[in-house]
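**Q** Dropping the structure in here first, questions after.
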Amino acid sequence: MNLSQQEIEEIMKAIEPKIKKSLYQTGKENREDLEQELREAVLRKLRDNKLEEVPGFFEMMEGGERR
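Right, dumping it as structure tokens:
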């Protein structure tokens, strides 16, 4: 089952506070880049419908995105 664009937007909106909160665990100089990478990773997984494979915060920090 593929998610509609509206469903994807709702999910992204719902996880926005968690993404913002998680960014405080990294240095200011890395936050903007990490935020973009997190959003892209989540969007890719939502579009591929592979939600169980969305990387965790520390996996993203280490560059160990699962595929």
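Numbering (my numbering), first residue to last: 421 to 487. The beta carbon of each residue, even a glycine, is placed where N, CA and C say it ideally should be.
Would you say the region 427 to 438 touches the region 457 to 470, given that touching needs at least three Cβ pairs under 8 Å?
**A** The region 427 to 438 is in contact with the region 457 to 470.
**Q** Just reading off the alpha helix (DSSP H) that Gln445 is part of, what are its end residues?
**A** Neither: Gln445 is in no alpha helix (DSSP H) and is coded neither H nor E.
**Q** In terms of alpha-carbon separation, which member of Glu427, Asn422, Ile439 lies closest to Phe478?
**A** Closest by alpha carbon: Ile439.
**Q** I need the straight-line Cα distance from Lys448 to Glu482, nearest angstrom please.
**A** Each residue's alpha carbon lies about 17 Å from the other.
**Q** Using the beta-carbon count (16 or more within 10 Å), is Ser442 buried or exposed?
**A** That one is buried.
**Q** Work out the CA separation of Leu454 and Met480 for me, nearest whole Å.
**A** So the alpha carbons of these two residues sit roughly 8 Å apart.
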